[in-house]
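In the UniProt record's numbering, the protein residues as written are 1 to 496.
Scroll down for the structure; my scribbles are underneath it.
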Amino acid sequence: MQPTDRMTVIKKFTRDALKNGGLSYIWIGSNFYVVSVDAADLEVILKKCLEKDNIVRFVRKVIGNGLIFATVPIWRPRRKISAPTFSQANLNMFAKAFAEQSESMVKQVKSTFGDGAKPLWKYMATFTFHSVCETALGVKLKVNGNTEKQLMESFDILLKLLMTRMAEPWLQLDALYKLLPQHNNFEKNKEIFRSFVSEIIKEKRKKIKENIKTDNDNTKVTKSFLELYIESSGGDRGCTDEELLEETLVMLFAGTDTSAVGLCFTIVLLAQYPDVQEKVFQELQEVFGDSERQVVVEDLPRLKYLEAVLRESLRLYPPVPLIVREINEDTKLPSGVTLKKGCGFMALIWGLHRNPLYWGEDAEKFRPERFLEGHSRHPAAFLTFSHGPRNCLGYQYSMISLKIALATFLRTYRVLPRHDNSGSGEVDQEPMKLSYDIMMKDVDGFRRTRWGSVISVCILRACSADDGAARAARGREAADEYISASAAARSPRNEV
């Protein structure tokens, strides 16, 4: 089954569940799963059934028993160790790194003007990968360096191989899989990733023992997640190197693609909804004016509309569109259905976030104001970061990173929808074509595909190199001229 076919299946089961009181079902090989888009049912399962479905055993072949995918007996003590590392004080330390990496990303976008169309994904994935490496490992990678390229390529290959194996029952037999070329490819790329992190752990251990300050003096990020985790676990008497490796790999896997996907979908939506983008820009003007100062963590509470935009984007396009749990005892749901021990339960986040029962008749519409209206909703109606005891510990980490990146990007650029191929100058309003490989993505890196059906993003500089109060106004005038220009006058050098 191809990644695009998986999204077709997700959409089908969303329709089926919405027609049948919030529930549907699916067989995957010999395994039976109940599929739900009902918040009350989902809340019960996510609070009561904490064991991940057996399908995640394939992810464990890469990251071991890292927090997100660990069995419950391993998860409980590690959650207690991890929780203090995500304190607000520690997260605030990371804000400086996010801001610097955001500025680097903006410069990378600028440097490619004139090179023709580029996928938005390339820039956002690089930003998130570098940010996670710096905050989780305390390592600053060189942009476009060999290490970065090798790690990101291996990461992408591993995700695709994992999803293919999880989705195809015949590939789940270890004896058979080891005979296939995919197995060698999997092992090779797994070793690249694990070796990189293992060497960093050894170096950190050594420097901590020697009491050497390992962080750059010109940054507020004085400790990485790895160092904080070592301290929280009890130092040398705490976690083993293998346990540290597993938890660090979880940070890399969970924090890279999810954030990049969230950024890309948000930017594409802003291109499609210029009125929303204008409101975001006005809010940024109120907070930053014409200054070019770096975004700091104290700015974030004032960016209320930007946060609403981000939440609405994550609602419509959750990076992880489903969660799967194992039913370990007979469980009666609020809907009246009793789940039998041994079956699987699929929390269909994609469908839940489009359920009119919680989001209104305009649930399919991008309308950020719904998060500012103060309407009460079921606490499990928004599941981008899961729910219950095993919810995402990195929720605030992710939101800080995303808000800083978007604020930095949108202070510099206005985003426009790419025009169709007909030469008419009309904006292509056809929906994106989605795929599902562990994360939900656009099939072509968030740019126009060969089908011509995917909204891409055309990025125009909204700032000049000069200082002064007229700077922003000149940029916006240039953007307006660009919008109204004929198709023939639209130069590809401004497209990314």
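Where is the CB? At the ideal position from N, CA and C, for every residue including glycine.
Between the segment 299 to 312 and the segment 394 to 410, the count of C-beta pairs closer than 8 Å reaches three or more; the two stretches touch. Secondary structure of residue 326 (DSSP, three-state): strand.
As computed with DSSP, residue 26 is found in a beta bridge with 33.
Here residue 345 is bridged, per DSSP, to 34 and 325. Annotated three-state conformation of residue 414 is strand, per DSSP. Excluding five sequence positions before and after residue 72, the CB atoms of its chain that fall closer than 8 Å to its own CB belong to 50 and 51, given in chain order. Burial is judged here by how many other beta carbons sit within 10 angstroms of a residue's own beta carbon; residue 245 has at least 16 and is buried. Under the 8 Å Cβ criterion, the segment 306 to 318 does not count as touching the segment 340 to 348, having fewer than three qualifying pairs. Residue pairing from DSSP places residue 331 in a beta bridge opposite 339. Boundaries of the alpha helix (DSSP H) harbouring residue 229: 225 to 233, taken from the DSSP string. Residue ranges of uninterrupted alpha helix (DSSP H) with 4 or more members, entirely inside the segment 259 to 327 and ordered along the chain, are 274 to 288 and 304 to 316.
Beta-bridge analysis with DSSP links residue 436 to 440. Around the beta carbon of residue 325, a 10 Å sphere encloses 16 or more other beta carbons of the protein chains shown; the residue is thus reported as buried. The three-state reading of DSSP puts residue 142 in coil, since its state is none of H, G, I, E or B. For residue 365, the secondary structure class from DSSP, reduced to helix, strand or coil, is coil.
Taking C-beta separations shorter than 8 Å and ignoring five residues to either side along the sequence, the partners of residue 83 in its chain run 393, following chain order.
Looking at the backbone, the Cα of residue 366 and that of residue 119 are separated by about 23 Å.
In the displayed model, residue 190 falls within a helix according to three-state DSSP.
When 370, 442, 396 and 444 are compared, the shortest CA-CA separation from residue 93 is found for 396. Residue 250 is positioned such that its CB atom lies no closer than 8 Å to that of residue 55. Between residue 346 and residue 44, the gap from beta carbon to beta carbon reaches 8 Å or more. Linking residue 352 to residue 10 through their CA atoms gives a straight-line distance of about 11 Å. Residue pairing from DSSP places residue 52 in a beta bridge opposite 325.
Note that the segment 170 to 178 does not touch the segment 126 to 138; fewer than 3 beta-carbon pairs, one per stretch, sit closer than 8 Å.
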